[in-house]
Amino acid sequence: MHEFDVVVIGGGAAGLAAAVTLSRARRKVLVVDAGSPRNAAATAVHSYLGREGIDPRELLAIGRSEVEQYGGVVRSGTAVGVKRVSESTLKITLSDNTTLDARRVLIATGVVDELPDIPQLADRWGRDVLHCAYCHGYEVRDKAIGLIASGVASLHQAQLWRQWSDKVTLFTNEAVELTEPQRAELAARQITVVPGRVTGIEITDDELGGIRVGDDVTAVQAAVVFPVSVAKVDDLLTELGLEAEQKEMDGQVIGATLNADTQVGKTAVPGVWAAGNVRGHRAQVIDAAAQGGLTAAMMNIDLVDEDVRRAVTGTPFSTEREREVT
Numbered sequence: 001m002h003e004f005d006v007v008v009i010g011g012g013a014a015g016l017a018a019a020v021t022l023s024r025a026r027r028k029v030l031v032v033d034a035g036s037p038r039n040a041a042a043t044a045v046h047s048y049l050g051r052e053g054i055d056p057r058e059l060l061a062i063g064r065s066e067v068e069q070y071g072g073v074v075r076s077g078t079a080v081g082v083k084r085v086s087e088s089t090l091k092i093t094l095s096d097n098t099t100l101d102a103r104r105v106l107i108a109t110g111v112v113d114e115l116p117d118i119p120q121l122a123d124r125w126g127r128d129v130l131h132c133a134y135c136h137g138y139e140v141r142d143k144a145i146g147l148i149a150s151g152v153a154s155l156h157q158a159q160l161w162r163q164w165s166d167k168v169t170l171f172t173n174e175a176v177e178l179t180e181p182q183r184a185e186l187a188a189r190q191i192t193v194v195p196g197r198v199t200g201i202e203i204t205d206d207e208l209g210g211i212r213v214g215d216d217v218t219a220v221q222a223a224v225v226f227p228v229s230v231a232k233v234d235d236l237l238t239e240l241g242l243e244a245e246q247k248e249m250d251g252q253v254i255g256a257t258l259n260a261d262t263q264v265g266k267t268a269v270p271g272v273w274a275a276g277n278v279r280g281h282r283a284q285v286i287d288a289a290a291q292g293g294l295t296a297a298m299m300n301i302d303l304v305d306e307d308v309r310r311a312v313t314g315t316p317f318s319t320e321r322e323r324e325v326t
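So this is what it looks like as structure tokens:
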């Protein structure tokens, strides 16, 4: 058994940023890193001030080094359970049966993007099959972009990607029935509409060749999908009664995130906090890191308050004690 002020579950940008802040606050911190970041397939991180275009693996390696620089610990592993064992202690169990005791737990496990069941699509994920315009839009500027619809929310995505290219095609994929006003909006910005169910992705010489609908293939250079992003909570916190909450846009489920205070990351379970994509799947890497740092600061304040209560309880006030202090 090992005792820590905070155990951070998740070694991505949010978790590592939180661990740096807490370590610099002289807290005893351990990060449990499962080694499966959301952007593992990507070759670069964008819009990260001072680190534009950095390889995601390099960014995380730098983050781990910075945690360790201030005395924090980063270990590989997967947390499989969290339960409260006393008023001030949570026990974290890892997949190798290691147990860790902590005063606080930060959930920074991110999300899993659930992709449509389309042949070849998952294999190209993060390469030329994309989902985030702000992450990848500039790299496919002015190219032919095919957006595979998953519901009404995909119409917003089509209009968004139109900012980067005037060669956007919306594949309805039998997921959306367009109204006349919606068709007019798409046509007004020269967004082509292809009806029918998408049956596959064409690959030629390890390059994306096009999107197949029936026997026809529409040539594209980048395919965009709008996945459902589900918080990686799984069975981790079921013992504590913490669950993911579905998020909708225009009646379509677009994701599931952990319910936590939007300002500080405190969940309904005492001692358990959350940061990063697990709280909001749309956050970019720099957003997740910023949220991790802010949540860590709030956690430290919470720990300070507990330290004060312990000090008062452990050393009752008296005139003799006052003279000792002064």
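At position 68 of the sequence shown the residue is numbered 68 (full-length UniProt numbering), and the sequence of numbers has no breaks.
Using N, Cα and C, we set each Cβ at its ideal position, and we do this for glycine too.
Measuring straight from C-alpha to C-alpha, what distance separates residue i and residue j?
i	j	result
Val-85	Val-8	18 Å
Leu-16	Val-129	28 Å
Thr-78	Gln-190	47 Å
Arg-321	Asp-305	Because the pLDDT of Arg-321 is 44, which lies under 50, any placement of that residue in the model is unreliable, and the number read from its coordinates should be weighed accordingly. Distance between the alpha carbons of Arg-321 and Asp-305: 21 Å.
Ala-149	Tyr-138	21 Å
Gly-63	Leu-49	15 Å
Ala-222	Glu-87	52 Å
Gly-210	Glu-245	35 Å
Val-67	Val-20	5 Å
Glu-185	Ser-47	29 Å
Pro-270	Pro-37	27 Å
Ala-289	Asp-216	43 Å
Ile-54	Ala-144	26 Å
Trp-161	Phe-226	12 Å
Glu-239	Thr-89	15 Å
Val-140	Val-220	11 Å
Glu-52	Arg-309	44 Å
Asn-97	Arg-124	35 Å
Lys-232	Thr-43	22 Å
Lys-247	Pro-181	25 Å
Glu-207	Asp-302	51 Å
Glu-177	Ala-188	18 Å
Leu-100	Glu-202	48 Å
Ala-311	Asp-287	36 Å
Asp-307	Ser-65	29 Å
Going by C-alpha distance, which of the options is nearest residue i?
i	options	result
Lys-83	Asp-235, Leu-30, Glu-177	Asp-235
Met-249	Gly-209, Glu-66, His-156, Arg-212	His-156
Val-278	Asp-305, Asp-216, Ala-14	Ala-14
Leu-115	Ile-54, Val-224, Leu-90	Val-224
Ala-25	Arg-282, Asp-142, Tyr-70	Tyr-70
Trp-164	Glu-177, Asp-142, Arg-183, Asn-97	Asp-142
Gly-81	Ala-311, Leu-237, Leu-303	Leu-237
Do residue i and residue j have their CB atoms nearer than 7 Å?
i	j	result
Ala-133	Gly-151	no
Leu-242	Thr-262	no
Gly-255	Val-228	yes
Gly-126	Ala-41	yes
Leu-59	Val-45	yes
Thr-179	Val-194	no
Ala-102	Val-6	yes
Arg-104	Met-299	yes
Ser-76	Asp-33	yes
Ile-92	Val-198	no
Val-112	Val-264	no
Gly-12	Gly-110	yes
Ala-158	Gln-252	no
Thr-204	Thr-169	no
Gly-280	Thr-313	no
Gln-120	Gly-200	yes
Determine, using beta carbons only, whether residue i comes closer than 7 Å to chain D.
i	result
Ala-17	In the structure shown, chain D does not exist; there is a single protein chain.
Determine which residues share a DSSP beta bridge with residue i and list them.
i	result
Arg-84	Leu-90
Met-299	BP columns for Met-299 are empty, so no partner.
Glu-114	Val-228
Thr-218	Ile-211
Thr-192	Thr-169
Gly-146	Thr-169, Ala-223
Gly-200	Arg-212
Glu-180	Answer is none; Glu-180 lacks a bridge partner.
Only counting the same chain, and skipping five residues up and downstream in sequence, which positions put a Cβ closer than 7 Å to that of residue i?
i	result
Ala-18	Val-8, Leu-106, Ala-108, Ala-275, Gly-292, Gly-293, Thr-295, Ala-296
Asp-166	Gln-190
Lys-28	Phe-4, Asp-5
Cβ of residue i versus every heavy atom of the ligand NAP: is any distance shorter than 6 Å?
i	result
Leu-294	No copy of the ligand NAP appears in this structure; indeed no ligand is present at all.
Identify, in the order they occur along the chain, each residue of the same chain with its Cβ nearer than 8 Å to the Cβ of residue i, setting aside the five sequence neighbours on each side.
i	result
Gly-196	Phe-171, Thr-172, Asn-173, Glu-174, Val-213, Gly-214
Arg-183	Val-193
Within its chain, find whatever has a CB closer than 6 Å to the CB of residue i; leave out the 5 residues flanking it on each side and keep chain order.
i	result
Val-73	Leu-30
His-136	Leu-130
Asn-39	Pro-56
Asn-259	Glu-245
Trp-273	Leu-106, Gly-265, Lys-266, Thr-295, Met-299
Ala-283	Asn-277
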